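>
Residue numbers (UniProt numbering), protein chains in the order written: chain A, 1 to 571; chain B, 1 to 571.
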């Protein structure tokens with residue numbers, strides 16, 4: 001076992017230990033055929049607890065009160081949580097909110113809430129109190145599980161509030177809650193809990209971070225969660241020997257279903273309360289980490305950390321990247337450190353990733369620059385996803401028509417199938433708009449290449465119309481990011497007297513190169529424009545470049561172009 | 001690519017090449033929710049053809065007319081087959097029989113028949129004409145795809161018969177049939193084929209080899225095939241870099257769903273018409289084979305072949321073993337050759353494997369003999385399977401009760417869930433008997449150990465009642481097989497004047513040791529009894545040992561205890 005995890009000194013609470021010969025299965029629902037098991041990701045944990053009861057399932061090391069749970073004990077704790085929720089009056093389909101960073105609490109909730117046949121509502125801890133209040137109100141959550149550090153986000157509420165001090169020790173209110181659940185179960189165990197007979201029942205209610213307007217509540221199903229998790233486990237080639245490091249927040253689209261995917265694969269999970277690069281490298285080096293997920297902005301922090309080093313080839317690490325395409329620079333830096341980047345794409349409405357960039361043998365012979373252009377594509381629908389299409393809709397027609405697979409014609413990415421959300425909660429108008437034409441409309445504008453891979457050009461609102469040409473801000477960003485001194489870049493439209501619109505680039509510089517350009521931003525602008533000229537058509541070259549200390553971002557790390565547009569509007 | 005496959009000189013027929021920009025998806029069924037894709041294993045091939053069109057999908061090397069197909073071409077050929085079947089008048093749910101050894105024909109049928117929304121009926125080529133006639137009659141197959149070598153198995157029939165000469169070349173009647181399908185499609189492609197809207201529709205109709213009575217027709221579903229295939233891909237850790245060698249007949253429980261599992265994982269498949277150990281070793285050594293399935297009898301042939309050698313650790317090979325537990329000798333010999341044995345268990349009614357022996361870290365410290373005892377257990381339900389239970393049924397009760405998990409109490413293995421058959425075709429009485437108590441009754445007698453793993457003791461009829469004790473013939477066989485000179489062994493009950501029954505062992509000797517014991521079988525009997533004495537309770541020690549040149553077997557390689565019992569009855 002990994003040295004830094006093996007050193008955890010911890011004994012779980014007495015209520016965490018299962019009875020001697022637990023039956024690790026639910027009470028079978030009646031009146032369903034012998035050949036039908038409703039798909040449900042909780043079954044992954046019951047199976048892991050049966051097959052590898054003593055394997056380390058969940059470690060939470062970098063806190064004053066570190067904890068570590070085996071599959072057997074973790075399963076019992078999620079069962080306790082289910083009974084505690086039932087004792088607290090939870091009814092079938094009731095919502096349970098959880099407000100927590102990556103901790104055992106939110107990991108537990110991904111099983112315990114589903115086992116009680118409730119719907120989990122993970123809430124982004126970076127939201128403002130009034131935003132949290134809106135979600136609590138809209139979801140109608142009757143029980144709130146909250147980490148001590150985020151208690152202030154819960155205002156006055158009629159819901160029952162359970163606080164976790166994140167200790168795992170007796171005396172912690174959350175532990176008391178679990179202990180009550182264990183007592184309430186009266187040792188009926190899993191057999192006292194009814195399996196959900198309908199796999200199309202809601203599982204999780206995640207709110208989109210919505211850069212504009214009110215957040216929308218995305219309802220996913222048990223079937224979709226099961227299939228998406230298996231898809232992620234397979235695409236990541238996660239297995240029993242894997243160790244997954246939680247960098248991506250679990251509240252973000254249910255951690256892209258990885259709380260279940262890792263358990264399906266019998267992998268060990270490590271939770272970190274914060275994105276702390278020292279801790280991350282400590283675990284990459286000492287804890288045998290093999291997989292983690294994160295947006296490019298986080299990946300940039302990882303490769304630039306002073307502790308960063310080349311990892312031994314005996315323990316290859318896979319970085320699953322979504323949120324934006326990895327740049328050539330990022331790909332090269334990750335690979336230098338022995339980390340294999342895998343580019344995936346998705347939205348909260350698609351359980352996180354539903355496409356993957358599939359590496360082709362022929363790319364091995366390409367230059368980094370050429371290879372990174374291929375790797376920046378969002379690629380093909382992944383293992384258990386349905387189709388991915390790029391479409392347009394003629395006026396007065398309901399039919400979505402495919403754009404030609406020419407790598408040029410812009411259309412909207414749509415998908416359908418088992419890993420598309422069920423609906424927006426209590427919002428039939430938004431649901432029917434999102435499903436217009438019989439597919440889920442992502443709102444992302446893309447081309448489809450002759451090989452069937454899709455490449456996002458922009459969100460519809462991010463296209464820059466320069467001299468009558470459509471310039472993709474993403475494509476411009478991709479090229480500008482290949483400048484070795486650029487750390488991050490975002491491009492938006494700025495009005496232009498002659499061309500209508502012209503691209504303006506906001507750039508942060510690499511820490512190593514900041515001093516070089518200090519007081520010489522104008523020279524840097526010239527340098528970057530010269531870099532862009534051979535790489536981009538004239539209408540897409542940035543007319544203006546502004547070096548800034550940092551870019552405005554959403555709570556989930558997405559760059560807020562709306563803020564940049566406000567800046568531009570004032571120029 | 002593997003040298004022995006790369007040397008294949010072959011150009012597919014013109015009809016095998018897809019049109020320039022094929023849409024690799026079916027016409028979407030109408031009136032199903034946006035978030036529902038009926039699970040269907042054909043989607044694996046469409047996805048592989050999209051993501052890795054030029055990767056080698058299927059090679060058929062060791063024939064006068066070797067062939068090799070990429071995913072793109074193979075997908076087109078299965079589409080041609082679907083249209084050819086529709087042109088021949090196939091209606092939804094009609095049965096299509098295939099009588100073939102492991103060839104592209106039967107691999108194609110696993111996709112083409114399903115794409116035409118027919119039900120595939122794979123027929124064992126080792127059956128007698130009257131047995132085949134029964135299956136053709138009972139299944140009501142309206143179209144028969146037959147390999148040239150097995151034409152004689154098709155008697156007079158009203159069904160349309162298509163013969164394959166297994167050439168893949170123009171002029172072959174099967175190729176003509178595919179070409180007609182391509183013409184009939186009129187280039188409507190996959191979009192001209194309706195996806196099956198109901199995932200619980202029948203997919204395959206496999207007949208059990210039934211050692212007694214008429215074979216029963218097992219109907220599996222699309223959903224079950226999809227989930228079982230993913231389970232097998234995951235359990236085998238098959239991926240894009242894998243090469244699967246077809247030793248197990250594909251007609252046997254649809255090749256345990258591997259025709260789909262391999263494609264899900266983007267693996268290459270190699271088909272062999274016969275179990276030829278020279279060819280098998282050629283491919284293990286030269287074609288980069290990573291996976292194969294087979295019963296212990298076949299595995300014994302592999303390890304004893306003169307070509308057998310240690311394979312390089314750089315390309316680990318996994319042998320998936322079912323049909324009977326691997327013995328200590330077999331495990332040791334496979335491991336010596338760099339082949340990792342994985343023991344799985346299942347029946348035709350469970351899509352092949354539904355349990356797996358999960359290796360535990362602690363076993364690494366055990367002696368081979370102790371370790372093989374653990375590895376002989378059938379283990380736990382696997383990835384996408386439902387529960388596995390060992391039960392008894394009290395008189396006058398419908399409820400199946402679990403036996404204690406003590407490793408001692410005998411009960412019947414039952415299971416339920418997504419990888420249990422839908423029904424016995426046209427046999428509601430047999431179906432309801434098999435599902436009595438709300439689970440599928442395997443008829444296998446087993447114990448359940450405290451760790452939840454199951455271990456088969458016997459088929460109910462194979463228990464030997466010796467002095468009032470239940471002796472498991474399997475447990476006795478396992479111990480006798482640990483004698484280094486024993487190749488295979490089968491134990492049946494023989495009447496005994498004092499004890500009621502006593503075990504009698506039929507043994508074949510290892511080729512290297514046959515000469516040693518020639519004319520000295522009585523000495524060998526003493527030697528084997530002495531070997532058994534410290535290993536088995538007195539009532540389980542064989543009273544009689546008979547050395548035979550070979551053991552009687554079914555067409556699928558199972559030892560026919562019924563034949564041995566006939567021998568015993570005459571003694």
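Ideal placement from N, C-alpha and C gives every residue a C-beta, glycine not left out. Computed from a prediction, not measured in an experiment: that's the story for all the values here.
Note down the Cα distance separating residue 318(A) from residue 174(A), rounded to an integer number of angstroms.
34 Å
> For residue 249(B), which beta-bridge partners are listed by DSSP?
For residue 249(B), which the question treats as bridged, DSSP gives no partner whatsoever.
> Write down every uninterrupted run of the beta strand (DSSP E) in the stretch 106-136 of chain A whose length is 3 residues or greater and which is fully enclosed by it, in chain order.
119-123
> Taking the Cβ atom as the reference point for each residue, do residue 261(A) and residue 233(A) lie within a distance shorter than 8 Å?
yes
> Relative to the C-alpha of residue 339(B), which candidate in 236(B), 516(B) and 156(B) has its C-alpha closest?
236(B)
> So, is residue 462(B) buried or exposed, given that buried needs 16 or more other C-beta atoms within 10 angstroms?
buried
> Any C-beta of chain A sitting closer than 8 Å to the C-beta of residue 192(B)?
no
> Using Cβ-Cβ distances below 8 Å, what residues of the stretch 436-448 of chain A are close to chain B?
438, 439 and 440
> Looking at the strands, I want to know which residues DSSP matches up with residue 29(A).
Beta-bridge annotation (DSSP): residue 29(A) is not paired with any residue.
> Would a check of beta-carbon distances place residue 234(A) closer than 8 Å to chain B?
At least one beta carbon of chain B lies nearer than 8 Å to the beta carbon of residue 234(A).
> With a cut-off of 8 Å on the beta carbons, I'd call residue 525(B) and residue 496(B) a contact; round off their distance for me.
Incorrect: roughly 17 Å between the Cβ atoms, too far for contact.
> Quick one, are the C-beta atoms of residue 270(A) and residue 100(A) less than 8 Å apart?
no
> Quick one: give me the first and last residue of the alpha helix (DSSP H) that residue 340(B) is part of.
Here residue 340(B) belongs to no alpha helix (DSSP H); instead the beta strand (DSSP E) covers 339-347.
> How should residue 9(A) be labelled, buried or exposed, when 16 other C-beta atoms within 10 angstroms of its C-beta is the threshold for buried?
exposed
> Do you know how far the Cα of residue 119(A) is from the Cα of residue 219(B)?
36 Å
> In the DSSP assignment, what residue or residues form a beta bridge with residue 471(A)?
Per DSSP, 464(A).
> On a CA-only basis, which of 447(A), 383(A), 441(A) and 375(A) is nearest residue 409(A)? Give me that one, please.
447(A)
> Considering only their Cβ atoms, is the gap separating residue 142(B) from residue 94(B) smaller than 8 Å?
yes
> Which residues, in chain order, does the stretch 232-256 of chain B contribute to contact with chain A at a C-beta distance below 9 Å?
233, 234, 237, 239 and 240
> On the DSSP bridge list, what partners appear for residue 401(B)?
392(B)
> Please go through the same chain and pick out, in chain order, the residues whose beta-carbon is closer than 6 Å to the beta-carbon of residue 499(A), but skip the five residues on each side of it.
466 and 467
> Could one say the Cβ of residue 36(B) lies closer than 8 Å to chain A's Cβ atoms, at least one of them?
yes
> Just to confirm the assignment: which complete alpha helix (DSSP H) runs, minimum length 4, are found wholly within the stretch 467-543 of chain A?
473-480, 511-514 and 521-532
> What do you reckon, are the CB atoms on residue 355(B) and residue 478(B) nearer than 8 Å?
no
> Does any C-beta atom of chain B lie closer than 8 Å to the C-beta of residue 421(A)?
For residue 421(A), the nearest beta carbon of chain B is closer than 8 Å to its own beta carbon.
> Using Cβ-Cβ distances below 7 Å, what residues of the stretch 337-362 of chain B are close to chain A?
Under the 7 Å Cβ criterion, the stretch 337-362 of chain B contributes 358.
> When the Cα of residue 250(A) is compared with those of 435(A), 126(A) and 63(A), which residue comes out closest?
126(A)
> I'd like to know if residue 17(A) contacts chain B, where contact means its C-beta is closer than 8 Å to some C-beta of that chain.
Not an interface residue.
> Run through DSSP, which three-state label would residue 560(A) get?
coil
> Is there a Cβ of chain A sitting closer than 8 Å to that of residue 91(B), yes or no?
no
> Please name the residues in the stretch 41-69 of chain B whose beta-carbon is closer than 8 Å to at least one beta-carbon of chain A, in chain order.
Listed in sequence order: 47, 50, 51, 52 and 53.
> Verify the CB distance criterion: does residue 495(B) have a CB-CB separation below 8 Å to chain A?
Answer no: the Cβ-Cβ gap between residue 495(B) and chain A never drops below 8 Å.
> Just to check my reading of the structure: residue 439(B) and residue 416(B) have Cβ atoms closer than 8 Å, yes? What is that Cβ distance to the nearest angstrom?
5 Å
> Output, in chain order, the set of chain A residues within a Cβ distance shorter than 7 Å of residue 306(B).
Simply none; closest approach about 35 Å.
> Distance, Cα to Cα, residue 411(A) vs residue 241(B)?
34 Å
> Taking the alpha-carbon positions, what's the residue 1(A) to residue 383(A) distance?
For residue 1(A), the predicted structure reports a pLDDT of 40, less than 50, and the residue's modelled location is therefore unreliable. A value from the coordinates is still provided. Between the alpha carbons of residue 1(A) and residue 383(A) lies a distance of about 31 Å.
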